[in-house]
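K.L.:
A single structure is presented below for examination.
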Amino acid sequence: MKSIVSRIAALAVASAFLVNAGAAEAPRAANSYLSQADAAARSARVSNVDYVLQFALTGKESFSGTSELHFDLNDAAAALTIDLDKADITALTVNGKSVAPQYNGWFLTIAPQDLRQGRNVVAVSYTRLHSTNGEGLHRMVDPADGKVYTYSHFEPAAAHQMFALFDQPDLKASYQITVTAPPDWTVISAKRETSVTPAGDFKRWTFPATKKLSPYNFSMHAGPYKVWEDDSGKYPMRLFARQSVAAQIAPQLWFNYTKAGLAFFDDYFGVPYQWEKYDQLLVPDFLYGAMENSAAITFAEGGFLHSEAMTTAQSASLAGVIMHEMAHQWFGDLVTMKWWNGLWLNESFASFMGTLGTAESTEFKNEWQHFYSTRKQQAYAADQRVTTHPIEVAVPSTANAFDNIDAITYSKGASTLMQLRHLLGADVFREGVHNYLVKYAYQNATLDDFIGSLGEAAHRDLGPWTQ
Ligand SMILES: [Zn+2]
Numbered sequence: 005m006k007s008i009v010s011r012i013a014a015l016a017v018a019s020a021f022l023v024n025a026g027a028a029e030a031p032r033a034a035n036s037y038l039s040q041a042d043a044a045a046r047s048a049r050v051s052n053v054d055y056v057l058q059f060a061l062t063g064k065e066s067f068s069g070t071s072e073l074h075f076d077l078n079d080a081a082a083a084l085t086i087d088l089d090k091a092d093i094t095a096l097t098v099n100g101k102s103v104a105p106q107y108n109g110w111f112l113t114i115a116p117q118d119l120r121q122g123r124n125v126v127a128v129s130y131t132r133l134h135s136t137n138g139e140g141l142h143r144m145v146d147p148a149d150g151k152v153y154t155y156s157h158f159e160p161a162a163a164h165q166m167f168a169l170f171d172q173p174d175l176k177a178s179y180q181i182t183v184t185a186p187p188d189w190t191v192i193s194a195k196r197e198t199s200v201t202p203a204g205d206f207k208r209w210t211f212p213a214t215k216k217l218s219p220y221n222f223s224m225h226a227g228p229y230k231v232w233e234d235d236s237g238k239y240p241m242r243l244f245a246r247q248s249v250a251a252q253i254a255p256q257l258w259f260n261y262t263k264a265g266l267a268f269f270d271d272y273f274g275v276p277y278q279w280e281k282y283d284q285l286l287v288p289d290f291l292y293g294a295m296e297n298s299a300a301i302t303f304a305e306g307g308f309l310h311s312e313a314m315t316t317a318q319s320a321s322l323a324g325v326i327m328h329e330m331a332h333q334w335f336g337d338l339v340t341m342k343w344w345n346g347l348w349l350n351e352s353f354a355s356f357m358g359t360l361g362t363a364e365s366t367e368f369k370n371e372w373q374h375f376y377s378t379r380k381q382q383a384y385a386a387d388q389r390v391t392t393h394p395i396e397v398a399v400p401s402t403a404n405a406f407d408n409i410d411a412i413t414y415s416k417g418a419s420t421l422m423q424l425r426h427l428l429g430a431d432v433f434r435e436g437v438h439n440y441l442v443k444y445a446y447q448n449a450t451l452d453d454f455i456g457s458l459g460e461a462a463h464r465d466l467g468p469w470t471q
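The numbering of the sequence shown is this note's numbering, which starts it at 5 and goes up by one.
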């Protein structure tokens, strides 16, 4: 994610409702958040998760869907919760048996007697209002022409505003989706569709199952988007935007930086890009700067629209944000933090790699000087205030996931990684990053895992550096 500060006020409100994380055995607190203790208790019992998701989109204010959760359960001794926010549930079956929903508006509780040790299938049908707050499945009516656009945003834990799931990063899953949508819409997700067929007044878009992803890295966007395509690189690239702003976008510049970045990161990481195609969308009302959804990255359109030719500074900014989100496709999407206390490393690494990728694969060779004179200065300033904090802080609940996401997290963190690269040497650092990505691919990892891979490559104990 590329940060902006507007979320701070919203989180101050959210924090007021924080319920302290209790022991894992205590019943889950009835609110829209998930505590670290409850998440850990759930991922200790649940594994091997696959979602089969259907969505019916009409362009109206609400949508309907069916979520099938397929998963292994270690034990059926206790109830299991499934996240689903503010839905009207129309049907619930657990292992083929129709069950009356035990639902508080934030999560379903499945009783032990309906569960079984081993493979379980839970199917939930529901209707829900589209979000208008930028999370879940956001809907926007373009004031210019009345066209309706939707896009998803899930970080840190808003996928349950769109479908039923285990909404935590360490329960990676595959997602197989089918979407019915108005006939002039395009549906964009982590994979390219396998078919688009007529379905009454709508079209049905069918997608193959994804590789394993954390919920916050999966996405689905739909609307009458303008599309540009470029197949001149190793991976097919597309760019999407609202029809009414299409004239204010320079698609060739996007494709140039994207193609250069993909070639650079493939080579740098020594692990080829895993998500087969590269889609980027400019979307309205976006809460942040950009978001690294696997193979379907979203950008706040306001920062990238221009009626005149782009200035050098605007082009550099565009290149930098593209590279930041692209770095996350490996460090974030392929290897993912276990819990939100690791978000700083995710963002620090993407900030570091985004700067490196921009400096080494675009015309902006002085990107590190630019980093020093802007973002690093912001980190110094933040560090001198009474509100300073360690780079890593505890995150007891998803309500706190973004509490300390600021210049210290992003830019001081990125600076420490640059320092570490100087300490180890550029080649050793790169070898350690490569080994980390190979060792933990499609899994979750922690700071110790990352530092362990670097230390192994360097043949030295980096414990004191971490301290
Ligand atoms: Zn980021």
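For each residue, glycine too, the CB sits at the ideal point set by N, CA and C.
What you are looking at is a predicted structure, and each value in this text was computed from that prediction instead of being measured.
Residues around ligand 1, please: the ones whose beta-carbon is closer than 5 Å to some heavy atom of it, in chain order.
P.N.:
In chain order, the qualifying residues are M5, E351 and A354.
K.L.:
Check whether the Cβ atoms of W344 and V399 sit closer than 7 Å, and answer yes or no.
P.N.:
yes
K.L.:
Going by DSSP, name the residue or residues bridged to S135.
P.N.:
H142
K.L.:
CB-CB under 6 Å to L243, same chain, minus the five flanking residues each way: which ones, in chain order?
P.N.:
W232, P255, W258 and Q284
K.L.:
Could you tell me which whole beta strand (DSSP E) segments of length 3 or greater appear in the region 202 to 255?
P.N.:
206 to 210, 224 to 227, 230 to 234 and 241 to 245
K.L.:
How would you label E367, buried or exposed, when you count the other beta carbons within 10 angstroms and need 16 or more for buried?
P.N.:
exposed
K.L.:
By DSSP, does V437 sit in helix, in strand, or in coil?
P.N.:
helix
K.L.:
If T214 and A194 are in contact, beta carbons under 8 Å, what's the gap, nearest whole angstrom?
P.N.:
5 Å
K.L.:
Can you give the beta carbon distance from K230 to A245, rounded, assuming they're within the 8 Å contact cut?
P.N.:
5 Å
K.L.:
How should Q172 be labelled, buried or exposed, when 16 other C-beta atoms within 10 angstroms of its C-beta is the threshold for buried?
P.N.:
buried
K.L.:
What distance in whole Å lies between the Cβ atoms of F158 and S223, which are believed to be in contact at a cut-off of 8 Å?
P.N.:
7 Å
K.L.:
For T201, does the count of other Cβ atoms within 10 angstroms reach 16, so buried, or fall short, so exposed?
P.N.:
Counting the other CB atoms within 10 Å of its CB gives T201 a total below 16, which places it among the exposed residues.
K.L.:
Would you kindly work out how many angstroms separate the C-alpha atoms of F454 and F290, rounded to a whole number?
P.N.:
31 Å
K.L.:
Since L38 and T402 should fall inside the 8 Å C-beta cutoff, what is the C-beta to C-beta distance between them, to a whole number of angstroms?
P.N.:
5 Å
K.L.:
Please report the straight-line C-alpha distance between Q423 and K176, rounded to a whole angstrom.
P.N.:
32 Å
K.L.:
Can you tell me where the alpha helix (DSSP H) with G100 in it begins and where it stops?
P.N.:
No alpha helix (DSSP H) contains G100, which DSSP labels as neither H nor E.
K.L.:
H134: which of K151, T113, L119 and S156 sits nearest, CA to CA?
P.N.:
S156
K.L.:
Any idea what DSSP makes of M330, helix, strand or coil?
P.N.:
helix
K.L.:
Name the residue from A304, D174, D87 and R123 whose alpha carbon lies nearest to the alpha carbon of F111.
P.N.:
D87
K.L.:
I'd like to check one pair, D270 with Y261: are the Cβ atoms closer than 7 Å?
P.N.:
Contact: no.
K.L.:
What residues in its chain sit with their C-beta under 6 Å from that of N108, if we drop five residues either side in the sequence?
P.N.:
A34
K.L.:
Starting from V126, follow its DSSP beta bridges and name the residues at the other end.
P.N.:
L73 and V98
K.L.:
Alpha carbon to alpha carbon, how far is T131 from A80? Give it in angstroms, no decimals.
P.N.:
29 Å
K.L.:
Which whole-angstrom value describes the C-beta separation of H164 and D89, a residue pair presumed to lie in contact below a C-beta threshold of 8 Å?
P.N.:
Indeed they touch by this definition, with Cβ atoms about 5 Å apart.
K.L.:
Label S419 either buried or exposed according to how many other C-beta atoms from any shown protein chain fall within 10 Å of its C-beta, with 16 as the threshold for buried.
P.N.:
buried
K.L.:
Going by DSSP in three states, Y179 sits in which element: helix, strand or coil?
P.N.:
Looking at Y179 - three-state DSSP - the assignment turns out to be strand.
K.L.:
What are the residues that DSSP puts in a beta bridge with A385?
P.N.:
Looking at the DSSP assignment, A385 forms no beta bridge with any residue, so it has no partner.
K.L.:
Compare the C-alpha of A530 against each of Y55, H374, P186 and S36 and name the closest.
P.N.:
Nothing about residue 530 can be reported from this structure: the residues present for the chain run from 5 to 471 only.
K.L.:
If you compare alpha carbons, which of F356, K216 and T362 is closest to S298?
P.N.:
K216
K.L.:
Just how far apart, CA to CA, sit G436 and A95?
P.N.:
49 Å
K.L.:
For I253, which of V183, A304, L57 and Y272 has the nearest alpha-carbon?
P.N.:
A304
K.L.:
My understanding is that D118 touches K101, with C-beta atoms under 8 Å, so please give their C-beta distance in whole angstroms.
P.N.:
Contact between D118 and K101 holds: their C-beta atoms lie close to 7 Å from each other, under 8 Å.
K.L.:
In the DSSP assignment, find the alpha helix (DSSP H) that holds D453 and state where it starts and stops.
P.N.:
L451 to A462
K.L.:
Check this for me: beta carbons of D527 and N448, under 7 Å apart or not?
P.N.:
Missing from the structure shown is residue 527; the chain here goes from 5 to 471 and no further.
K.L.:
Is it buried or exposed, P160, if we count other Cβ atoms within 10 angstroms and call 16 or more buried?
P.N.:
Answer is buried; the Cβ neighbour count reaches 16.
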